[in-house]
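Here's the structure, in structure tokens; my notes come after.
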Amino acid sequence: MKKYHKQIVWVSSGFIIGILFAPLVNFGMISLYLFIVFFVLFFLFWRFNRLRLIFLFFAWLFLAFWRYHLWIPSSLAKYNGQKVEMIGTVCEEPDRRGGSQKILLCV
126 MKKYHKQIVW
136 VSSGFIIGIL
146 FAPLVNFGMI
156 SLYLFIVFFV
166 LFFLFWRFNR
176 LRLIFLFFAW
186 LFLAFWRYHL
196 WIPSSLAKYN
206 GQKVEMIGTV
216 CEEPDRRGGS
226 QKILLCV
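Below, the structure is given as structure tokens:
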């Protein structure tokens, strides 16, 4: 187990630092591709211990960025069934169909 101790420290450090700094950067889906690149580089440079640890660190850093990006709700579906208060102006006439209406707001 002693052999993998450094790798566990680098993986957990990369992921924790990634979660802490993810709100400051906006990589979006690019972070998933960078995770894959660094993970492949981790295996390509297996013989070089220091490079292997650096690539492992950055792979998990970008995995944390991607995980944070997935966690942020990007659709309005999370507000279904809840009361929401918005401030804005109605941009167009309401689209009334059946028992519902669609209102376009300029916020």
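The working numbering applies: residue 126 is where the sequence shown begins, and numbers increase by one.
Virtual Cβ for every residue (Gly too), placed ideally from N, Cα, C.
Residue i: first and last residue of the uninterrupted beta strand (DSSP E) it sits in
i: residue 221; result: 220-222
Residue(s) in a DSSP beta bridge with residue i
i: residue 226; result: 221
i: residue 272; result: Not covered by the structure: residue 272. The range shown for the chain is 126 to 232.
Best match in the options for proximity to residue i [C-alpha to C-alpha]
i: residue 211; options: 188, 230, 197, 148; result: 230
i: residue 131; options: 203, 178, 142; result: 178
i: residue 139; options: 171, 181, 228; result: 181
i: residue 217; options: 187, 228, 186; result: 228
Continuous alpha helix (DSSP H) stretch holding residue i: start and end
i: residue 127; result: Careful: residue 127 lies outside any alpha helix (DSSP H) and carries neither H nor E.
i: residue 163; result: 155-169
i: residue 174; result: 174-196
Any chain D beta carbon closer than 8 Å to residue i
i: residue 203; result: Absent here is chain D; the protein component of the structure consists of one chain.
Heavy atom of the ligand MN within 7 Å of residue i beta-carbon
i: residue 230; result: For the ligand MN, the structure offers nothing, since it holds no ligand at all.
I'd like to know if the stretch 193-209 and the stretch 158-168 are in contact, where contact means that at least 3 CB-CB pairs between them fall below 8 Å. Using a Cβ-Cβ distance cut-off of 8 Å, the stretch 193-209 and the stretch 158-168 are not in contact, since fewer than three pairs of beta carbons, one from each stretch, lie closer than that value.
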